[in-house]
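A quick write-up on the structure given underneath.
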Amino acid sequence: MKNLIMNVTSAAVLGFAGNVMAQTSTMPTPKPVTQLSEFKPHISILLGAAQPEGSGITASEVAVDIGYQPYIPFGIAAEFNHARIDDGVDTKDRNTLWLKGSYNLGGTTPVIKNSYLGLALGTVFKPDGTSLAIAPIVGFDIPVARTAEGVFSLGASARYAIVADNEVDTLTVGGVVKYWY
71 MKNLIMNVTS AAVLGFAGNV MAQTSTMPTP KPVTQLSEFK PHISILLGAA
121 QPEGSGITAS EVAVDIGYQP YIPFGIAAEF NHARIDDGVD TKDRNTLWLK
171 GSYNLGGTTP VIKNSYLGLA LGTVFKPDGT SLAIAPIVGF DIPVARTAEG
221 VFSLGASARY AIVADNEVDT LTVGGVVKYW Y
């Protein structure tokens, strides 16, 4: 099952990337931030479902994410999330602290222009110890409302967390509410 999920995820990301490469305007030219607004600092709440590999039961996951764009179009963020993971044998609380890097797409194509591809490295805290994890990430954030101070966006994010120490890997898909300063 793990190999099937990884193969499907890889095929989707490669297909998405191939479509992106065909549209040159979708790949922004990297450049330094020159205005304060280009840093795009944000805070977000993620609510989703975490599906453990094997015969585990899908669990809810909640996360808080804080980040910014230090160099256009690259973003970095820190995320803390919590889920109660059932691997089919035992149920454990799992808290994860992620450091995430992303490449923000651009262009004029709806949804793609607000999408990102990324990679997260993290530490998984469990009742019986800690483990390291890595996860490919794909998602989008579509602006829905402006305020005098910033922008609210709604989006979605998907990640496949590969956890070391023979721990259960998880596929997480969820919705994101984000505020951009």
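In terms of this note's numbering, the sequence shown is numbered consecutively and its last residue is 251. Glycine residues also receive a C-beta, built at the ideal position from the N, C-alpha and C atoms.
Worksheet item: Can you tell which of V134, P111, E123 and L189 has its C-alpha closest to the C-alpha of L117?
Response: Nearest C-alpha to L117 among V134, P111, E123 and L189: V134.
Worksheet item: Does the pairing of the region 98 to 113 with the region 136 to 143 give three or more beta-carbon distances under 8 Å?
Response: The region 98 to 113, when compared against the region 136 to 143, does touch it at the 8 Å Cβ threshold.
Worksheet item: For the candidate residues P206, Y251 and E237, whose alpha-carbon lies nearest to that of E219?
Response: When the alpha-carbon of E219 is set against those of P206, Y251 and E237, the nearest one is in Y251.
Item to complete: Count the CB pairs spanning the region 181 to 191 and the region 151 to 161 that are closer than 8 Å, and state whether there are at least three.
Response: Output reads no: the region 151 to 161 does not touch the region 181 to 191.
Worksheet item: With distances taken from CA atoms, which of I207, I115, S172 and A153 is nearest P197?
Response: Among I207, I115, S172 and A153, the Cα nearest to that of P197 is on A153.
Worksheet entry | 7 Å Cβ cutoff met for G209 and Y186 | Yes.
Worksheet item: Buried or exposed: G192, going by 16 or more other Cβ atoms within 10 Å of its Cβ?
Response: By the 16-neighbour rule on beta-carbons within 10 angstroms, G192 is buried.
Discussion item. I'd like the ranges of any beta strand (DSSP E) spanning at least 3 consecutive residues and lying wholly in the region 163 to 235.
Written reply: List check, beta strand (DSSP E) in window: 185 to 196, 199 to 216 and 221 to 233.
Worksheet item: Just the Cα atoms here: how many angstroms apart are F150 and R164?
Response: Each residue's CA atom was taken as its position, placing F150 and R164 some 11 Å apart.
Worksheet item: P122: buried (16+ other C-beta within 10 angstroms of its C-beta) or exposed?
Response: Here P122 is buried. Its C-beta has 16 or more other C-beta atoms within 10 Å.
Item to complete: Let me know the secondary structure DSSP gives T96 once reduced to three states.
Response: DSSP places T96 within a helical segment (H, G or I) once states are collapsed to three.
Fill in: Where T99 falls, given that 16 or more other Cβ within 10 Å makes a residue buried
Per the 10 Å Cβ criterion, exposed.
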